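Before any comments, here is the structure.
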Amino acid sequence: MTAALIDPKFTLGNNVTIGHGSIISGQGIIASDVVIGHHVIIEGDVEIGEGTKIGHHSVLKGPVRIGPRNQLYPFVSLGLRAQHPDYHGEGGPVIIGEENVLREFASVNGSTFEPATFLGNRNYIMAYSHISHDCRIGNGNKFAMHATLAGHVEIGDNCYLGMHSVMHQRIKIGNLCMIGMNETIKRHVPPFALITEKRFAKLNVKGLVLRGVSQEEIQTIEKRYRHGVSDEPPSASQKTIDAFYAKINEGGFYQYEKAKSA
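Heads up: the sequence shown runs through residues 241 to 502, numbered per the numbering used here.
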């Protein structure tokens, strides 16, 4: 077996485990209780938080910042240059929060013109999913296998992206949305929406209930979308919807509207 090669400029915490054949070069920090599998490649300015696990054959190319207690399964790729034909720089950082899971062959590209490609906390990214350059992902999201985000996509919190779903570049998806399997999303998706058969068919009621939203509040959201009526003073959910529309009005993409006949 081939021993791991570790650049002396890297700072290692206590109880760090590094597998056979791994190569760690550049300058960075590996915190305590990190486990790095066999044949992992870590290059450049990389920081790995306490208790994180890096699966066999994964590649991390700095600048990359990974918080504590993340789990990267085998063949995950972080920080490689953006897949952008007109961008020739080395790329900005990938920043990942805490307690995320990235399954086999998931990939997150470095940023181009934004400060970072960002993944928040407690997201579950299934196998073969791709997060392109300059994306911003919130907290508590689940991406099913082969979910694909083009550049500059923004995802809120507690969303579910179905298997093989595709997000067009620069779209925004609000909190607690569900995107159906095989959907191609080319418009902004407002909070609490369920997108299926290329339309905003109904509210993501299951997601709302799981997050503890009351039936009364769900009816208020329905009234806001179906009839354009807001309570006074507006509820927290209505404020979330209004803030989302204010944000997307700065851009040029159409948004999905609630189907009136649904």
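Just so it is clear, CB atoms sit at the ideal spot from N, CA and C, and this is done for glycine as well.
Keep in mind it's a predicted model, so treat the numbers as computed, not measured.
| Item | Value |
| --- | --- |
| Short check: CB of Cys375 to CB of Cys399, under 8 Å? | no |
| For Ala390, which of helix, strand or coil comes out of DSSP? | coil |
| According to the neighbour-count rule (16 or more other Cβ atoms, all chains shown, within 10 Å of its Cβ), is Leu450 buried or exposed? | exposed |
| Measuring CA to CA, which of Gly402, His296, Gly331 and Gly329 is closest to Pro314? | His296 |
| Quick one: what's got a C-beta closer than 7 Å to Gln268's C-beta in the same chain, skipping five residues either side? | It is Gly, not Gln, that sits at residue 268 in the sequence shown. Answer for Gly268: Phe250, Asp285, Val286, Glu287 and Gly302, listed in chain order. |
| Buried or exposed: which applies to Tyr190, given that a residue is buried once 16 or more other Cβ atoms fall within 10 Å of its Cβ? | An answer regarding residue 190 cannot be provided, because it is not within the stretch 241 to 502 covered by the chain. |
| Quick one: what does DSSP say Lys426 is sitting in, helix, strand or coil? | coil |
| When the Cα atoms are used, what is the spatial distance from Phe353 to Leu389? | 17 Å |
| Please state the DSSP three-state secondary structure of Lys500. | For Lys500, the predicted structure reports a pLDDT of 49, less than 50, and the residue's modelled location is therefore unreliable. The matter cannot be settled from this model. |
| Excluding five sequence neighbours on each side, which residues of the same chain lie with their C-beta closer than 8 Å to the C-beta of Gly492? | Confidence at Gly492 is low in this model, with a pLDDT of 49, below 50, so its placement is unreliable and no value can be given for it. |
| Under a Cβ-count criterion, where at least 16 other Cβ atoms within 10 Å of its own Cβ denotes burial, should His386 be classed as buried or exposed? | buried |
| Pro333 and Arg305 - do their beta-carbons sit closer together than 8 Å? | yes |
| Could you tell me which residues DSSP pairs with Val445 in its beta bridges? | DSSP, once it has assigned bridges, lists no residue as partnering Val445. |
| Using DSSP's beta-bridge definition, name the partner residues of Lys293. | Val275 and Gln311 |
| In whole angstroms, what separates the C-alpha of Thr242 from that of Gly266? | 20 Å |
| Take Ile458 and list the residues in its own chain whose beta-carbon comes closer than 7 Å to its own, dropping the five residues that flank it on each side. | Leu443, Val445 and Leu448 |
| Please list, in chain order, all residues of the same chain as Asn255 whose beta carbon is under 7 Å from its beta carbon, the five residues on each side excluded. | Ser272 and Asp273 |
| Can you name the residues that DSSP bridges to Glu283? | Ser265 and Lys301 |
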